[in-house]
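Engineer: Handing you this structure, nothing more for now.
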Amino acid sequence: MISNQVTEVISKRRSIRKYKAEPVTEEQLSTILECGFLAPSGSNCQNWHVTVVKNPDYIARLSKSFAEMMQKNGNLPERMKERFSAPNFSVSFGAPVVLFISADGPRDNACFLAENMVLTAHSIGLGTCYLGGIIAYLETEEGKAFVDELNLPQGCRLLFGITVGVPDEEPEAKPRDYTKVNFI
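Each residue of the sequence shown is one higher than the one before, counting from 407 in my numbering.
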């Protein structure tokens, strides 16, 4: 692979599930958001929306409610039951910021925005992790109140979350299957 700043950031970014108790600065956050908004967008529709959650009370309440619901699931593997019953369980893995991504229409543009943001975060020394499982909960009757608090624009559907914080781990890369390509 050709080595440069971009390929280095892409190849070294990992999903972070453990964060230091340090804040994300306004400059870091605005850089992440601005680079997200620079993502490509089909027909320049920019149908994405980002809701920045820095409120620790919101994250704690969401974590508690989500964990309670997950503990009722009789089909969960034992390791997952332990995770959700841990007294310090957090949907944000301890990150001080969660970015909730929503879109009015197709999600592909929002995915471009999100990938720009996670790569930018890594490039400035922060860690991220995509949150998908929480979305199914937020679509339930119990989760609706949390979505209402996000005050999404009319017509926007919540797609996923992204944690942002100072990493407190350096996970190894997971194996990749480079055979998933064909040339014509």
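Beta carbons: idealized from backbone N, C-alpha and C, even for Gly.
Where do the ends of the alpha helix (DSSP H) carrying residue 442 lie?
Structural biologist: Your numbering for residue 442 matches position 36 in the sequence shown. It spans 432 to 443 - the alpha helix (DSSP H) in which residue 442 sits, taken as one unbroken run.
Engineer: Less than 8 Å between the C-beta atoms of residue 544 and residue 457, yes or no?
Structural biologist: Here residue 544 refers to the residue found at position 138 of the sequence shown. Here residue 457 refers to the residue found at position 51 of the sequence shown. No, the pair does not count as a contact, with Cβ atoms beyond the cut-off.
Engineer: Write down every uninterrupted run of the beta strand (DSSP E) in the stretch 465 to 518 whose length is 3 residues or greater and which is fully enclosed by it, in chain order.
Structural biologist: If we require 3 residues or more, the beta strand (DSSP E) runs fully inside the stretch 465 to 518 come out as 503 to 509.
Engineer: For residue 562, I'd like the list of residues in its chain whose CB is within less than 8 Å of its CB, leaving aside the five on either flank, ordered along the chain.
Structural biologist: As a first step, residue 562 is located in the sequence shown; it is residue number 156 there, counting from the start. Cβ neighbours of residue 562 beyond the five flanking positions: 455, 508, 509 and 510.
Engineer: Which of the three DSSP states is assigned to residue 526 in this structure?
Structural biologist: Residue mapping note: residue 526 aligns to position 120 of the sequence shown, counting from 1. In the structure shown, residue 526 sits in a helix (DSSP, three-state: H, G or I).
Engineer: Just how far apart, CA to CA, sit residue 548 and residue 446?
Structural biologist: On the sequence shown, residue 548 is found 142 positions in, with the first residue counted as 1. On the sequence shown, residue 446 is found 40 positions in, with the first residue counted as 1. Those two C-alpha atoms are separated by around 35 Å.
Engineer: Are there 16 or more other CB atoms within 10 angstroms of the CB of residue 444, so buried, or fewer, so exposed?
Structural biologist: As a position in the sequence shown, residue 444 is number 38, starting the count at 1. Residue 444 should be labelled exposed.
Engineer: Using CA coordinates, which residue listed in 575, 550, 438 and 451 is at the minimum distance from residue 530?
Structural biologist: Here residue 530 is taken as the residue at index 124 of the sequence shown, counted from 1. Per the Cα distances, 438.
Engineer: State the beta-bridge partners of residue 568 as determined by DSSP.
Structural biologist: Position 162 of the sequence shown, counted from the start, is the residue given in the question as residue 568. Beta-bridge pairing links residue 568 to 505 and 536.
Engineer: From the DSSP output, which residues share a beta bridge with residue 563?
Structural biologist: On the sequence shown, position 157 is the one that residue 563 refers to. Beta-bridge pairing links residue 563 to 509.
Engineer: Alpha carbon to alpha carbon, how far is residue 586 from residue 460? Give it in angstroms, no decimals.
Structural biologist: Here residue 460 corresponds to residue number 54 of the sequence shown, with the count starting at 1. Here residue 586 corresponds to residue number 180 of the sequence shown, with the count starting at 1. Roughly 39 Å separates the two Cα atoms.
Engineer: Considering only C-alpha positions, which residue in the set 580, 448, 496 and 480 is nearest to residue 468?
Structural biologist: Your numbering for residue 468 matches position 62 in the sequence shown. Closest option to residue 468, Cα to Cα, is 496.
Engineer: Quick check on the DSSP output: the beta strand (DSSP E) that includes residue 413 runs from which residue to which?
Structural biologist: Here residue 413 is taken as the residue at index 7 of the sequence shown, counted from 1. Here residue 413 belongs to no beta strand (DSSP E); instead the alpha helix (DSSP H) covers 411 to 418.
Engineer: Got a sec? Which residues, its chain only, sit under 6 Å from residue 560 by beta carbon, not counting five neighbours each side?
Structural biologist: The sequence position of residue 560 within the sequence shown is 154, counting from 1. Nothing meets the Cβ criterion.
Engineer: Could you tell me the distance, in whole angstroms, from the CA atom of residue 564 to the CA atom of residue 489?
Structural biologist: Residue mapping note: residue 564 aligns to position 158 of the sequence shown, counting from 1. Residue mapping note: residue 489 aligns to position 83 of the sequence shown, counting from 1. Rounded to whole angstroms, residue 564 to residue 489 spans 24 Å at the Cα level.
Engineer: Return the CA-CA distance between residue 420 and residue 578, expressed in angstroms with no decimal places.
Structural biologist: For the purposes of this step, residue 420 is taken as the residue at position 14 of the sequence shown. For the purposes of this step, residue 578 is taken as the residue at position 172 of the sequence shown. Cα to Cα, residue 420 sits roughly 8 Å from residue 578.
Engineer: Taking the Cβ atom as the reference point for each residue, do residue 411 and residue 532 lie within a distance shorter than 8 Å?
Structural biologist: Taking the sequence shown and counting its residues from 1, one reaches residue 411 at position 5. Taking the sequence shown and counting its residues from 1, one reaches residue 532 at position 126. No, Cβ-Cβ distance for residue 411 and residue 532 is not below 8 Å.
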